[in-house]
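Keeping their order, the protein sequence lines are chains B and C. Position one of the first sequence corresponds to residue 1198 (the working numbering), numbered consecutively onward. Position one of the second sequence corresponds to residue 1198 (the working numbering), numbered consecutively onward. Okay, so here's the structure we're looking at.
2 protein chains.
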Amino acid sequence: MMSLTLQRIPVFTTPLFCRWSSKVFQRHCSRMKMRVSDALASKETGTNVRIQGWVRSVRPQKDNLFLNVNDGSSLQPLQVVAGSHLNTRDLTFGCAVDITGTLEKSPSKKQNVELQAQRIEVVGECNPVDFPFKIKERHSLEYVRQFPHLRCRTNAFSSLLRIRSEASAAIQSFFRDNSYLQIHTPVITSNDCEGAGELFQVKPAGDKNDSDDPNPHFFSVPAYLTVSGQLHLEVMAGAFSAVYTFGPTFRAENSQSRRHLAEFYMVEAEIAFTESLDDLMKDQVDLMLKRKFNIISYTEAIDILKSSSQNFTFSTEWGCDLQTEHEKFLVKHCGNVPVFVINYPYELKPFYARDNQDQPKHTAAAVDLLVPEVGELCGGSLREERLELLSQRLAHAGLKDTYEWYLQLREFGSVPHGGFGMGFERYLLCILGLHNIKDVIPFARFSHSCLL
Amino acid sequence: MMSLTLQRIPVFTTPLFCRWSSKVFQRHCSRMKMRVSDALASKETGTNVRIQGWVRSVRPQKDNLFLNVNDGSSLQPLQVVAGSHLNTRDLTFGCAVDITGTLEKSPSKKQNVELQAQRIEVVGECNPVDFPFKIKERHSLEYVRQFPHLRCRTNAFSSLLRIRSEASAAIQSFFRDNSYLQIHTPVITSNDCEGAGELFQVKPAGDKNDSDDPNPHFFSVPAYLTVSGQLHLEVMAGAFSAVYTFGPTFRAENSQSRRHLAEFYMVEAEIAFTESLDDLMKDQVDLMLKRKFNIISYTEAIDILKSSSQNFTFSTEWGCDLQTEHEKFLVKHCGNVPVFVINYPYELKPFYARDNQDQPKHTAAAVDLLVPEVGELCGGSLREERLELLSQRLAHAGLKDTYEWYLQLREFGSVPHGGFGMGFERYLLCILGLHNIKDVIPFARFSHSCLL
């Protein structure tokens, strides 16, 4: 392994080699470098600092020049005050600046401190005519969506991405604090977890998939982009008891809807030694904001829908899947609070859902969480851990050979277990009160759009 | 948005709806549930606890039965002691158990506490003849690799995955503590960052890509799996100053080597207002263990290679890329410590690398970090932020139209910036002293292999 001591090295010429200590890195200028958020929170006035960022406003007055400078560390910019002589023609909205000065208490009530500039350097110009965002103008989310390479420079979208980063860290902390092991489940997979269509296939670029080739696949088998890490998490729950994954998931859905993306993030958890949907729902409640939730059974949901006076497009017969219109109605009916719907018809659910053995109305131990505006936010189930029942169902579906490895998980030390998945972008829509999923992801991918 | 108060809901039958508080969830049994790691660390003896896990050893003696139970929370199992009458035929290596008893101080020096069992339930049996891992046997990493769905149940691989999870959290903390914003860069992309081949293409499964179809692509353009999030991070560095991404990356490399995977994790960072490779190298040093590093230029590296008596397979002329054999030699030559190689020939580097303008030996401000055993661990560069130079180079490569958006980043508030990427699995090999990259990822994908 890597040796811990530095050995003397024969040198060819001087100075061919140099050795580093962190002190070498501490250059004069970086010692005074400060991020805007730190400057804003600073209690010490009179400090010499250097700020680097982008100009968000320029107000030249007779004697003084006022700038707002943002470096992405916070929504609030730092106010910079300078003598008029520091004003230059290229000091425009959107340009990049490097400023040194002293932090002083601000006379204004808008901020605690301001930067009295001694030097302003325009590092990168920005032609205000060509720049798609205009000073003092409030651009709609729809408008800025046209500029995926620039929209992070707007207040609204940069704030959303800061919240996304925070939410993402909070989710990781939640699972870590609760002793879940993080598993990087694979993006490329040879199985189709949901048994559904709408998969993306993966092939080396330029691969003609020549049918004369005896082994036409890069991976020897057809490979797809994952629709869920669940089956891989089940493998891991059989060793670590509680595991989660948080990463990209894919659907080749030909949809332009404001709730769908071809690439989205999903939080998935799998818990061993879990025997009831209650345990699963508890984790979902903990992960969400602490609030009250309702629980209704699928059968009750159908009763509610059938008793309503609303004309639905899709069938509300027992055995039919709940459609968006049904979900919306149920959430509204329950008083616009999140609703868990449990125990779905057995035939509607994939092979892994646990059989409730409650014929004649045969259900599986599956749960969906419906929330206002967004609709389905989480989905989960107990998994069939009984070898005999799972084996029968897979045989019935002609999948026994494909899932031999999955059956083996039940053959060797099987335990009751279950899990759930939550769409991260839908979660963000939910906590932010936004409507379009394209506004809460850095680079949106959906049918007919893969910009950058 | 979601209402904060629970409204009364009209009910159809009782109890159609129930409202939840977290107390409802606290069932009797879960109050005494304890993870093995917590039990092992417990100072309180006489406590009633319930342990759920898998049996790692069974030693029946005349009066007593000794079990080792592991639930994945630690390498060390919990010793369980029970009267012989609790022994059953199905209590075998690998079976799943649910045990209640009292934690007592252990008379043995091997552990602080042991569990005196009052009840042992075999939840899931495990036939020791069919189970591929045998009691008391030490299975090689090569052997367990054949069982991707079961290898997490071995001591070695479960420990590796716990370390992977910790390392992953530590990397996130490092960036968070240093005010980097996490960006989820897309997996599906329409650009090819490295300008190289070996890309995976993405299409909806069953898509025949009929050439008669006027718009044969799901995304309207050909789409690929990302080889790097760099260009997307550059977009974000232009607003947030310091950003990083940590996620899966792909290469359709037809390699069975112990250092390559088709899907691997990469940590990438991009930093605005960075003007020297020193800054980039500093971050890489901070991210790695604190230790001494060497720095040599590419030109010096070539001098070293040419002066050596070793016969290399590949050319060591100035302008040629460094091959694995060269990297190994350089690291060894420097005394088996990590070596940064800086300032590579301009023509060897992609369009985004910053021109050092140092003709006749024309170089770009790029850096690779070579480490013992593993070879290339990190790669980074300053990016060309000067519109004119970048524009010329893209025009020369016939890529100006494709990268119009990238040029615009230089048109509007451009700043000197740079970044680097580190292969996470190679990092793990490096800190763990392991040799095969397939042993440090939960599910390995490489040419001709995509199990599960």
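The C-beta atom is built at its ideal place from N, Cα and C for all residues, glycine as well.
For residue 1427/B, the enclosing alpha helix (DSSP H) covers residues 1427-1437. The beta carbon of residue 1606/C sits closer than 7 Å to those of 1431, 1432 and 1435, all from its chain and outside the five residues before and after it, given in chain order. Residue environment: residue 1268/C is assigned as buried (16 or more neighbouring CB atoms within 10 Å of its CB, all protein chains considered). Here the alpha carbons of residue 1375/B and residue 1279/C stand approximately 30 Å from one another.
Taking 7 Å as the threshold, the shortest C-beta distance from residue 1460/C to chain B falls below it.
Among the residues of chain C, those whose CB is under 7 Å from the CB of residue 1383/B are 1460, 1640 and 1642, following chain order. With respect to residue 1539/C, residue 1564/C sits close: the two C-beta atoms are nearer than 7 Å. With respect to chain C, the C-beta atom of residue 1517/B has no partner C-beta closer than 7 Å. The beta carbon of residue 1465/B lies closer than 8 Å to those of 1382, 1425, 1426, 1427, 1430, 1441, 1442, 1443, 1616, 1617, 1618 and 1619 in the same chain, with the five residues before and after it left out. Interface annotation, residue 1260/B: not in contact with chain C, CB-CB separation never under 7 Å.
Secondary structure of residue 1230/C (DSSP, three-state): strand. Close partners of residue 1416/C in chain B (Cβ separation under 8 Å): 1459, 1642, 1644, 1645, 1646 and 1647.
Beta-bridge annotation (DSSP): residue 1592/C is not paired with any residue. Every unbroken stretch of the alpha helix (DSSP H) spanning 4 or more residues and falling wholly within the stretch 1537-1613 of chain B is given here in chain order: 1584-1593 and 1601-1608.
If you draw a 10 Å sphere on the C-beta of residue 1332/B, you find fewer than 16 other C-beta atoms in it, and that means exposed.
Interface with chain C (7 Å Cβ-Cβ cutoff): residue 1367/B is excluded. Put simply, the backbone Cα of residue 1276/B is about 41 Å away from that of residue 1492/C. For residue 1648/B, same chain residues with a beta-carbon under 6 Å away, outside a window of 5 residues either side, are 1345 in chain order.
With a threshold of 7 Å between beta carbons, residue 1609/C makes contact with chain B.
Beta bridge pairing from DSSP links residue 1400/B with 1398/C. The stretch 1510-1523 of chain B makes contact with the stretch 1535-1549 of chain B: 3 or more CB pairs, one atom from each, lie closer than 8 Å. At least one C-beta of chain B is nearer than 7 Å to the C-beta of residue 1380/C. Sequence-distant partners of residue 1455/B (beyond 5 residues in either direction) whose C-beta falls short of 7 Å from its own C-beta, in its chain, are 1632, 1633 and 1634. Those residues of the stretch 1556-1579 of chain C placed with their C-beta closer than 8 Å to a C-beta in chain B are 1568, 1569 and 1570, ordered along the chain. When C-alpha distances from residue 1354/B are compared across 1260/B, 1625/B, 1520/B and 1477/B, the shortest belongs to 1625/B.
DSSP places residue 1521/C within a helical segment (H, G or I) once states are collapsed to three.
Along the stretch 1345-1357 of chain B, the positions whose C-beta sits under 8 Å from a C-beta of chain C are 1345, 1346, 1347, 1349, 1350 and 1355, read in chain order. Going by beta carbons, residue 1622/B and residue 1384/C fall outside the 7 Å limit. Identification of chain C residues near residue 1617/B by a Cβ-Cβ cut-off of 9 Å yields none; the smallest Cβ-Cβ distance measures about 15 Å. Taking residue 1645/C as reference, the option from 1453/C, 1295/C, 1445/C and 1235/C with the minimal CA-CA separation is 1453/C. When the alpha-carbon of residue 1310/C is set against those of 1234/C, 1270/C and 1359/C, the nearest one is in 1234/C.
Contact between the stretch 1246-1265 of chain B and the stretch 1573-1584 of chain C is absent: fewer than three C-beta pairs spanning the two stretches fall below 8 Å. In this structure, residue 1362/C sits away from residue 1484/B, with a CB-CB distance that is not shorter than 7 Å.
Taking C-beta atoms under 8 Å as the contact rule, residue 1292/C and residue 1610/B qualify, at a distance of about 5 Å. The straight-line gap separating the alpha-carbon atoms of residue 1521/C and residue 1497/C is approximately 17 Å.
The Cβ atoms of residue 1457/C and residue 1450/C lie closer than 7 Å to each other.
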